[in-house]
Amino acid sequence: MSKVMDFLNEAGIFYLATCDGDQPKARPLGAKFEIDGKVYFAVGDFKNVYKQLQANPKCEIVACKPNAHWLRYTGKAVFATDPKLSEMALEQAPNLRKIYNEETGYKLALFTIEDATCVDIAMMGEGENLLDE
């Protein structure tokens, strides 16, 4: 997974695409965490993106680096059920505690992408698989 995290870290902002009924929806994200060798993405459990992924877990992450390489990470969102993982994520990004805390009632929902493909594609080249075989 470190190839995926390395790519996302270099890209900075990445985009998550979901479906809202028959309408595609894409939005920029930045919250990603590597915990126990897995890449987790984070969204608020009160947001439409969370509801969309619950209704249809098929999703895609897209990112682009300054060298014109781009990443396409496609699969199924599977939400973590262990609250310890959310706490570990908040330890890595303490600024998120301003939003996700007992006072606001908002919870950070973490998900991995499973049944996935992930490729690093040069603008005019072939894609390289970034997932461990």
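The working numbering numbers the first residue of the sequence shown as 532 and each following residue consecutively.
Glycine included, every Cβ here is placed at the ideal spot set by N, Cα and C.
Supposed close pair residue i, residue j - CB separation, criterion 8 Å
i      : j      : result
Lys607 : Glu645 : 5 Å
Cys590 : Leu627 : Not confirmed; about 21 Å, so no contact.
Ala624 : Leu641 : Contact doesn't hold; Cβ gap of about 11 Å is too wide.
Val593 : Phe545 : 7 Å
Residue(s) in a DSSP beta bridge with residue i
i      : result
Ala557 : Ala548
Tyr581 : Bridge partners of Tyr581: none, in fact.
Asn660 : Val650
Gly606 : Cys590
Phe564 : Tyr571
Ile644 : Ala608
Leu639 : Gly575
Buried versus exposed, by CB contacts within 10 Å (16 or more), residue i
i      : result
Thr549 : buried
Asp613 : exposed
Ala647 : buried
Distance CB(residue i)-CB(residue j) smaller than 8 Å
i      : j      : result
Asp651 : His600 : yes
Ala542 : Lys596 : yes
Leu539 : Lys569 : no
Leu526 : Ala573 : Outside the displayed range of the chain (532 to 664) lies residue 526, so it cannot be described from this structure.
Asp551 : Gln583 : yes
Tyr571 : Ala611 : yes
Leu616 : Lys534 : no
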